[in-house]
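A short write-up of the structure that comes next.
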Amino acid sequence: MLVAIAASGLSSSAQEAPFAITPSDVAQAPGTDTAEPFSITSSDVAATSGRQLVYQGTESAGDAAITNNEGDSVDFVDHSTAAQATIVNNSGGTASFSDHASAGSAFMTNNSGSSISFSGEATAAGANITNNGGGTITFSDTSDAGNAAVANNGDISFRDSTSANQANIVNNAGANVTFTDQANGGTGQITNNGAVAFSGDASAGQMLLINNEGATLDFSGNSTADAAAVTNNGQLGFADSATAGTSSIVNNESGVVVFSGTSTAGSSFIANSGKTSFEGNSTAGSAEIVNNATGTVALSGNATLGSASVNNGGDVVFSGNASAGSASIVTGPEGRTIFTGNSDGGTAALEADAGAVVDFSGVTDGAISIGSIKGPGTFYLGGVVLSVGGNNLSTTVDGAIVDGGISGGKGGALTKVGTGTLTLSGANTYTGATTVKNGVLQAGAANTFSAASAVTIDSGAKLDLAGFDQSIGSLSGAGTVDLATARLTTGVNGKDSSFSGSIGGTGGLTKTGAGTQELTGVSTYSGLTEIEAGILKVNGSIAQSSVLVDSDGTLSGHGTVGSTTVAGTLSRQNDGGTLAVQGDLSFSQGGVYSVKVDSTPSAALVTVAGTATLTGGSLIVSPIGGFSLEGTTFHILSATEVVGTFDTVTTSMPFIDLGVIYSGTGVDLNVARNGKAFASSARTDNQRAVADAVEGLGSGMIYDAVVASASDAAARASFDSLSGEIYPSLATAGIETDTMLRGILIERALEQPADVGGNGLWGRPYRLNATLLSNGNAADVNQRTWGVIGGADGDIDDIWKLGVAAGYGRSNIDVPDRASSAKIDTLSLAAYASWEAARWRGAFGALYSWHDISANRFVTAGTFEDATDVNYRARSGQIFGQVDYRVAISNWILDPFLNVAYARWDADGFSEHGGDAALTARSSSVDGLVGTAGLRVGTEVALDHGVAARLGATAGWRLSSIGDSETLMSIAGSDPFFIGGVPVERSVAVLGLEAGLVYRNTSFGLAYTGLLGSRTRQHTIQGALSIRF
C-alpha cells in the first residue's frame, strides 16, 4: 500500500478543520472592554513543508516518474524496489533506500543540494544514477552499489562495511568518491577524473581503477588497494599506513605514484612509465616493480625498497637516508640505478646488464654497503668506498668498476664482505683500496683486478687468482692469496706495504714499482719471485720460490728465500737477524751486496744452504748507527761454499777503512777508523770548529756518530747541527731590532715644533718581519717581532726639544736548517733631544734594552739525536745622532740627512740542558758603527674641516762596521771553539713610506720601512699616534 504523509506526520484521514475559534481569536478594541467578533491567525492553519513518499514491504515503484523538490522525499524500506522508476531529486529533495530495499533498474538524477542514501542492506542494484554537482550519494551500514552505472559530478561516500560491489562509476572532474571505515570496492570499476579516496580500513577490493590525467586517487589510514587493478595517468598516493596490497598498478608516463608515511607497496605489481616515489618511512614491501625506459622510481627520506623485485629500464634513484633494503634490482640496458646523499644499499642484490649503470658517486658520507653486485654493466664509485657481499651470495661482475660517475670523484674503493665469492671478470680501473674482509675475491679473467688499487686481505679471507695473471697496487693484510698457476705483480702504486698472510699455488710473484713490499708470513708458492723494481723485504718465508733480483730491484729482510740470483741489490743490515737462502746465491755482473752496520755485530747477515758465488758482484758498506770501532767484526755471509770474491768493495763512510776477509765458507768485514781528519770533510768555519772539537774528544756518543758518518755530506750536516749557531745569530737580530727602534726615535725627535707645538704624548705599535740570509757559514735566520714604543716630549724653547720613551717587544727567531728556535722578550728605555736652527735640524739620543731569551735545539748526528734548551739574558744599546738640511720646493720639503750610531750587544754565558750535545757558552759581545745617508721627501695637503694629510718617502744607503758575531762554545767537555752567526750586513738600501692625518693637536698614520741587501730582507710596518697639548 502506498501512503502519502503530510509534513505534520498525520495521515490524510486525520486532518484538522481549517481553523477553530479560540479566545485568542477575539481581540478587544483599543481603549474598550469590548472584543471584536473574531480574527484568523497563523496558528489557525497547519503548515506543510514537503511531500514524503514511502514504499514498503515488497512494493514496487514500477515505471513511476517521481520528482522530489525541496522538502520532498521518496523512501524505499523493507524489500521495496524502485523498479524501472524515473526519480529526479531537485534541490532539497531526497531519495533513500534502507533495510533490504533496491534501486532496481531505476533511472535516478540527483541534482545540486539533493541526496540519495543507501543504508542497512539496501543496494543500488542495476540502477542508472547521475549525480550532478552539489549532489550527494551515501552508502552506509552494509549497503552496496550493486552493478549500478553511476555518473558522478558530486560526492559519493561509502561508509561502514559498504561495498561498491560491481558498480561502474565514472567520477568526473571536480567530483569525489570516498571509501571510509571498512568500506570495500568489491569488483566494481571507477573511471576517475576527479578525486577518489580510501581511508580508515577501507579496501579497493578487486576493483578496476582508472585514474586519468589530472585526477587523484589516494589511500590513507590503514586502507588498502587490495587486489585492485589500477591504471594511473594522474596522481596516486599511499599515505599513513596504507598498502598497495596485491594490486596491479600500471603507472603511465603522465602518472605519479607516491608512497609516504609508513605506507607500503605490499606485494603489488607496479609497471612504471611515469614517476613512482617512496618517501618518509614508506617501503616497497615485496612488490614486483617494472620500471620502463621513461620511468623513475625515487626513494627519499627513510624509505626502503624492502624485499621488492625491481626490473629497471629507466632510473631508480636513492637519496636522503633511503635504503635498497633486501631488494633485487636488475638494471637493464640504458637503465640507471643511482645512490646519493646518505642512502644505503642494505643487503640488496644489484645486477647491471650490458649498457646499464649503477652509480654510487653521489653518496655524501663516503661509504655505502650493498648486498651484492653482478653483471656486465658499469659500476661508478666516484670517491666512495663500496662494501659488497652482505647477502653472502656468490656473484660475478663481467662489467667494470670504475671511478667517476654523475657526481664525479676519484679514489673509489671496494670492500668485499660476507661469506660468498665475488668474481671480477671485467676491466676494473677504480683507484682506491681493495679490501677483502670476508669470503673470496676471485679473478675471472687476466688483469681484471685494478692495477692502481692497494689490496688488503684480512685474516680468514682470500684473494684467488684462479689461474689468471693480475697486477695490483700493493699487497697487505693477514689473509690468503691463491695464485694457482698465475703470476701476481704487486707494487704498481709505488707505495710501501706489508703482508703477513700466506701465498700459495704453483704461480709466481713479481715486485715492481718504487715502494717496499714486505712479506712476513709463511708462503708456499713454488713459482719464480722476480724483483723488477723497488724492494721486496722478506721477513717471513718464501723458501719454495727461487728469487731473481733485476738490476732495479732490491731483496732485503731476515726471512727465508729459495735460490737467489742478484743482478740488482741484496741489502742487509745489522738487525740481529739472518736472511736464509735455501739453495744457491749468485751475483751477476753489476749485482750489489749492500751492507748496513751498527754497533752490535751479530750472526751472519746472510746464510746460504748451498754455494755463494761472489764473482761479478760488488760490496757496498754504509752505517745505520754510531758504533765503537775497537775489535768490530761483522759476519756478512756464510755458506756451504764460497766461490770467488767481490769485484769491488766500497764505502761512502769518510772516516772508516774496510777489511774484507774471505774463507771457504764465509765472508767477514772488519771496520777501523782511518787517518782522515773530521775537519777534512768540513767546508765552513763553523763546521771546521765543531769537527776539531769533536775529534779532540776521541770517544763518546758524538764522536762515534761522526766516525760512522755515511758520507762527507752527512758529516757536514752533523757538524752544523751540533754547532749552536743560533746563539751568535741572535745578536744580529737584536741589533737590527734596536736599529728599527732608533729610527722611530729620530723621526719623533725631528717632528717640527711648528707642526705640533708644545708638549706631547705619542705611541707606535710595530711589526717586523725579517730574513737574514746565510753568509755561507751560518744558516738563514727568520725573525718575527712585534711590539710597541711610546713616550712623552716637550719643547724647551724655540730650538730645543727633549723626550723620553719606553717599549716592549717579543721576537720569534727560527733557524730551520739547524732545527733551532728562540723567543726573546725585550724591555727598552730611551732618551732623545732635537734642535732646529734655520734650515738645519739635529737629533741625538740613547737606547738601552734588556732581553730574556729562551732557546731550543734538536740535534742530529747520524743516528744520534738530542734535544737541548736554555734560558739566559742579554743586553743591547745604541747611541745615535742625525743631522739634516731642509729645502722647500713648492709644497714639498726635501730633507737630505746623515745619521750615525754606535751599537752593542752583550750576552751572558750559559749551559744548555740536554744530553751529550748540550753546549756551554761563554759570555759574548759584538759592537760597531752604523751610518745612513739619504733623502726624505714630504708634503702636507689641506683637506676639509681643518684636517691635513701628510705624505712622505725616504731612500738611503746604510753602511755598518759591526763585527761578526761569535760565541765561544764547548761540547761534551771539548776544547772551546768559536761559532759565528749571520752578521749584520755591511751595506744595505733603506726605503720608507709614510702617510698620516693631522687634526688640530692630534695626528695618526702608518709607515713602512724596508732594509734590502744581498743577505737582508727586513720589512717593518708601524702605526703612529701623537697628541700635543
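Add 1 to the 1-based position in the sequence shown for this note's numbering, that's all there is to it. Note that CB positions come from ideal geometry on N, CA and C, so glycine has one too.
Would DSSP call residue i helix, strand or coil?
| i | result |
| --- | --- |
| Thr733 | helix |
| Leu944 | coil |
| Ile963 | coil |
| Val607 | strand |
| Ala1095 | Residue numbering for the chain in the displayed model covers 2 to 1030; residue 1095 lies beyond these limits and cannot be assessed. |
| Arg337 | strand |
| Phe679 | helix |
| Met654 | coil |
| Ile727 | helix |
| Thr738 | helix |
| Gly846 | strand |
| Met109 | strand |
| Arg689 | helix |
| Leu394 | coil |
| Ala954 | strand |
| Pro754 | Any answer about Pro754 is weak, because its pLDDT of 47 lies below 50 and its placement is not dependable; what the coordinates show is given next. Pro754: helix per DSSP, three-state reduction. |
| Asp816 | As written in the sequence, residue 816 is Val, which differs from the Asp given in the question. The answer is strand: DSSP assigns Val816 an E or B state. |
| Arg923 | coil |
| Gly744 | helix |
If residue i and residue j are in contact, beta carbons under 8 Å, what's the gap, nearest whole angstrom?
| i | j | result |
| --- | --- | --- |
| Leu849 | Ser829 | Sequence inspection shows Tyr at residue 849; the Leu mentioned does not correspond to that position. Confirmed, Cβ separation roughly 7 Å. |
| Ala455 | Thr430 | Not really, about 14 Å apart at Cβ, beyond 8 Å. |
| Phe978 | Val691 | 7 Å |
| Phe656 | Gly618 | Not confirmed; about 25 Å, so no contact. |
| Asp399 | Ser426 | 5 Å |
| Ser74 | Gly58 | No, Ser74 and Gly58 are not in contact; Cβ-Cβ is about 18 Å, not under 8 Å. |
I need the straight-line Cα distance from residue i to residue j, nearest angstrom please.
| i | j | result |
| --- | --- | --- |
| Gln16 | Asn69 | With a pLDDT of 34 at Gln16, under the threshold of 50, the modelled position of this residue cannot be trusted, and the question is left open. |
| Ser564 | Asp705 | 38 Å |
| Asp907 | Gly492 | 59 Å |
| Tyr809 | Gln1019 | 19 Å |
| Ala755 | Arg840 | Any reading at Ala755 must be qualified, since the residue scores a pLDDT of 37, below 50, and its modelled position is unreliable; no value is offered. |
| Phe500 | Leu415 | 19 Å |
| Asp965 | Asp870 | 24 Å |
| Leu1013 | Ser975 | 39 Å |
| Ser370 | Val389 | 6 Å |
| Lys411 | Thr396 | 25 Å |
| Ile790 | Ala807 | 6 Å |
| Ser477 | Thr449 | 19 Å |
| Gly195 | Phe159 | 16 Å |
| Val816 | Ala447 | 55 Å |
| Val482 | Gly326 | 32 Å |
| Ala780 | Thr921 | 20 Å |
| Trp958 | Arg987 | 11 Å |
| Ala875 | Tyr728 | 11 Å |
| Ala230 | Thr137 | 26 Å |
| Gln590 | Phe647 | 10 Å |
With which residues is residue i paired in a DSSP beta bridge?
| i | result |
| --- | --- |
| Leu762 | Ala793 and Ile1028 |
| His1020 | Asn770 and Gly1011 |
| His559 | In DSSP, His559 forms no bridge with anything. |
| His636 | Asp669 |
| Gln574 | Lys597 |
| Phe978 | Met970 |
| Asp316 | Thr297 and Arg337 |
| Glu642 | Thr612 |
| His914 | Asp870 |
Output yes if chain D places a C-beta closer than 9 Å to the C-beta of residue i; else output no.
| i | result |
| --- | --- |
| Gly997 | No chain D appears in the structure shown, which is made up of a single protein chain. |
### Message
Three or more C-beta pairs under 8 Å: does that hold for the region 907-918 against the region 929-949?
### Response
Fewer than three beta-carbon pairs drawn from the region 907-918 and the region 929-949 are found closer than 8 Å, and the two stretches are therefore not classed as touching.
### Query
Is the number of C-beta pairs between the region 68-85 and the region 99-110 that are closer than 8 Å three or more?
yes
### Message
Across the region 246-262 and the region 271-289, are there enough close Cβ pairs to call them in contact, namely three or more that are closer than 8 Å?
### Response
yes
### Query
Should the region 771-781 be called in touch with the region 843-862, which here means at least 3 C-beta pairs below 8 Å?
no
### Message
With three or more C-beta pairs closer than 8 Å as the rule, is the region 134-154 touching the region 103-122?
### Response
Flag = yes, the region 103-122 and the region 134-154 touch.
#### Entry: Sufficient close CB pairs (3 or more, under 8 Å) joining the region 608-624 to the region 654-671
yes
### Message
Within 8 Å, do at least three Cβ pairs link the region 278-291 to the region 306-316?
### Response
As far as the Cβ criterion goes, the region 306-316 touches the region 278-291, which means the pair count is three or higher.
### Query
Three or more C-beta pairs closer than 8 Å, one from the region 951-959 and one from the region 995-1009: is that the case here?
yes
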